[in-house]
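For the first sequence, my numbering gives the first residue as 537, with consecutive numbering after it. Glycine included, C-beta positions come from ideal geometry on N, C-alpha and C.
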Amino acid sequence: MMITDGFRFEVHQRDGRSRLATLHTPRGPVATPTFMPVGTIGTVKALSAEEVLATDAGIVLGNTYHLWLRPGAEVVRALGGLHGFSRWPRAMLTDSGGFQVFSLAKLRTLDDDGVSFRSHIDGAMKRLTPEESVRIQATLGSDIAMVLDECPPGDAPRDAIERAMRRTTAWAARCLKTPRGERQALFGIVQGGVHEDLRLRHLEEIAAMPFDGVALGGLSVGEKVEDMHRILDAVAHRMPEDRPRYLMGVGTPRDLLVGSLAGIDMFDCVLPTRNARNGQALTWTGRVNIKQARNRLDDGPLDPRCDGPCCNGQGGRYTRGYLRHLFLAKEILAARVMSLHNVHFLGSLMKAMRGAIAQGRAESFVRETLRAMREGDEVAAPDNG
RNA sequence: GUGACGAUGGUCCAACGGCAGGACGCCUGGUUGUGCCCCAGGAAGUGGGGGUUCAAGUCCCCCUCGCCACC
Numbered sequence: 537m538m539i540t541d542g543f544r545f546e547v548h549q550r551d552g553r554s555r556l557a558t559l560h561t562p563r564g565p566v567a568t569p570t571f572m573p574v575g576t577i578g579t580v581k582a583l584s585a586e587e588v589l590a591t592d593a594g595i596v597l598g599n600t601y602h603l604w605l606r607p608g609a610e611v612v613r614a615l616g617g618l619h620g621f622s623r624w625p626r627a628m629l630t631d632s633g634g635f636q637v638f639s640l641a642k643l644r645t646l647d648d649d650g651v652s653f654r655s656h657i658d659g660a661m662k663r664l665t666p667e668e669s670v671r672i673q674a675t676l677g678s679d680i681a682m683v684l685d686e687c688p689p690g691d692a693p694r695d696a697i698e699r700a701m702r703r704t705t706a707w708a709a710r711c712l713k714t715p716r717g718e719r720q721a722l723f724g725i726v727q728g729g730v731h732e733d734l735r736l737r738h739l740e741e742i743a744a745m746p747f748d749g750v751a752l753g754g755l756s757v758g759e760k761v762e763d764m765h766r767i768l769d770a771v772a773h774r775m776p777e778d779r780p781r782y783l784m785g786v787g788t789p790r791d792l793l794v795g796s797l798a799g800i801d802m803f804d805c806v807l808p809t810r811n812a813r814n815g816q817a818l819t820w821t822g823r824v825n826i827k828q829a830r831n832r833l834d835d836g837p838l839d840p841r842c843d844g845p846c847c848n849g850q851g852g853r854y855t856r857g858y859l860r861h862l863f864l865a866k867e868i869l870a871a872r873v874m875s876l877h878n879v880h881f882l883g884s885l886m887k888a889m890r891g892a893i894a895q896g897r898a899e900s901f902v903r904e905t906l907r908a909m910r911e912g913d914e915v916a917a918p919d920n921g
């Protein structure tokens, strides 16, 4: 079920709390659980749209805040909307700017009506409200818009989190009342920090509203990973069954698996692209720091188990020794190959997770994969399915 | 040959006669709704020999090497 025309969420199979589903969008189906690469300003950094397509990504994320400031939503619309602008033919989700309200804390003043802040680009004063965020996202032309929310930091006191919840609920209602694009879905966002009671209370409020999907926000914002897993274990399976569940800003291979096991359908994170640019590759046997001296003469691929174009391409693999050389020499190709690998890897990881759910062995797949990655195996086991 | 100047981690440079620092490079980590091509930590040094001094990278002498100028 989904509310907006052109969208449909179809759960095919369940295994414990995890779900194998299809998110049908006006721009094609997306198999879930899925990972959405982040393309903040209209590009998944370092990669062409063709390359991202080849990683099997069904949906990518763009950012309202950044595109609004530069080049401006009207420019994007004039150049074909976000899809034509960036030459991305598949589904696209836009973040609302809520996270930037949090990450730009030093430059902002927040009130019940909205947020005022200085542009990080030219210092100009700007104002963002729930209505304005929806209008901008409508102009950008994304397939899925997010409500403007208040996202407190991981160490915020309980009363600050409760205030953020009240504000996020009020803003959610205002977003729903604001006209958006034709066939543009809108997702609500649940706050509540690492407090289970607050999470459940806010989930109830947001789930009661006619959103096409529900997201968990305010996680992966500095809290302990165990706290995030605890909240996932307590909250994810209580999110609406018939709508997509989106865990914002996550994450590591381990968090994607743990989240999928807890019942999450969608993830996004800068980690594969950012870490790639900083020399870290994600592999089936754990993280690889390509900068390490041990890779100097290594003629093996980043990941022997990977079937991607970097490890097993037509022209042969990129060796670790070559990638280390490119990285240390600050060659652009290092960032490109590492990014392509990491995005492809997370795509493969989610594909394998979907396969495991289909076979009813999600939990053992996660346990074995985490062990091979040496990422720990304290999987949040479902207590009642 | 004569004279001037110089010699400090791998490299390029700092340091009043008073705890030898920095940049780059190197090594090791980190990065979770992108203000991140970034951040943190670490290893590594006074050309050689004598002298003055409580104390010398620093002042004096000799050697070696470099560099410049002039025969």
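Practice task
Ignore the nearest five residues each way along the sequence and tell me which others in VAL806's own chain have a CB closer than 7 Å to its CB.
Solution key: To locate residue 806, count along the first sequence from 1; it is residue 270. Here the set comprises VAL574.
Exercise for the section: Name, in chain order, the residues that DSSP records as bridge partners for PHE723. Expected result: Mapped onto the first sequence, residue 723 falls at position 187. Paired residue(s): MET682 and GLY749.
Problem - ARG832 versus ALA582: straight-line alpha-carbon distance, rounded - result: Position 296 of the first sequence, counted from the first residue, corresponds to residue 832. Position 46 of the first sequence, counted from the first residue, corresponds to residue 582. Computed Cα separation, rounded: 24 Å.
Exercise for the section: Compare the C-alpha of LEU862 against each of GLY883, LYS827 and ARG781 and name the closest. Expected result: As a position in the first sequence, residue 862 is number 326, starting the count at 1. Answer by Cα proximity: LYS827.
Exercise for the section: Pull up the distance between the alpha-carbon of ALA721 and that of LEU643, whole angstroms please. Expected result: One-based indexing of the first sequence puts residue 721 at position 185. One-based indexing of the first sequence puts residue 643 at position 107. So the two alpha carbons sit approximately 30 Å from each other.
Exercise for the section: Might you give, ordered along the chain, the residues of its own chain that have their beta carbon closer than 7 Å to the beta carbon of ARG694, omitting 5 neighbours on each side? Expected result: Looking up residue 694 in the first sequence gives position 158. Taken in chain order, the residues that qualify are HIS731.
Handout entry: Burial state of ILE657 (16 or more Cβ within 10 Å)
Key = Counting from 1 along the first sequence, the entry for residue 657 is found at position 121. So ILE657 counts as exposed.
Handout entry: Proximal residues to PHE901 (C-beta, below 6 Å), its chain only, five neighbours per side dropped
Key = Translated into positions along the first sequence, residue 901 becomes position 365. Around PHE901: ALA892.
Problem - Anticipated Cβ contact below 8 Å, LEU755 with LEU818, distance rounded - result: Locating residue 755 in the first sequence gives position 219, where the first residue counts as 1. Locating residue 818 in the first sequence gives position 282, where the first residue counts as 1. At roughly 20 Å, the Cβ-Cβ gap does not stay under 8 Å, so LEU755 and LEU818 are not in contact.
Exercise for the section: Report yes if the CB atom of THR855 is closer than 8 Å to the CB atom of ASP839, and no otherwise. Expected result: Taking the first sequence and counting its residues from 1, one reaches residue 855 at position 319. Taking the first sequence and counting its residues from 1, one reaches residue 839 at position 303. No, these two residues do not count as a Cβ contact at 8 Å.
Practice task
Report the three-state DSSP secondary structure of GLN636 (helix, strand or coil).
Solution key: Here the question's residue 636 lines up with position 100 in the first sequence. Three-state result, GLN636: helix.
Problem - Distance between THR905 and LEU646 (C-alpha atoms, nearest Å) - result: By one-based count along the first sequence, residue 646 stands at place 110. By one-based count along the first sequence, residue 905 stands at place 369. Roughly 43 Å separates the two Cα atoms.
Practice task
Out of LEU556, GLY677 and GLY717, state which residue places its alpha-carbon closest to the alpha-carbon of GLY799.
Solution key: By 1-based counting over the first sequence, the position of residue 799 is 263. Nearest C-alpha to GLY799: LEU556.
Problem - C-beta contact flag for GLY637 and CYS711 at 8 Å - result: On the first sequence, residue 637 is found 101 positions in, with the first residue counted as 1. On the first sequence, residue 711 is found 175 positions in, with the first residue counted as 1. Sequence check: residue 637 is Val here, not Gly. Going by C-beta atoms, VAL637 is not nearer than 8 Å to CYS711.
Problem - Endpoints, alpha helix (DSSP H) assigned at GLN673 - result: In the first sequence, residue 673 corresponds to position 137, counting from 1. That run of the alpha helix (DSSP H) goes 666-676.
Exercise for the section: Grab me the residues of ASP648's own chain with a C-beta within less than 8 Å of its C-beta, minus the 5 sequence neighbours each way, in chain order. Expected result: On the first sequence, position 112 is the one that residue 648 refers to. Taken in chain order, the residues that qualify are ARG703 and ALA706.
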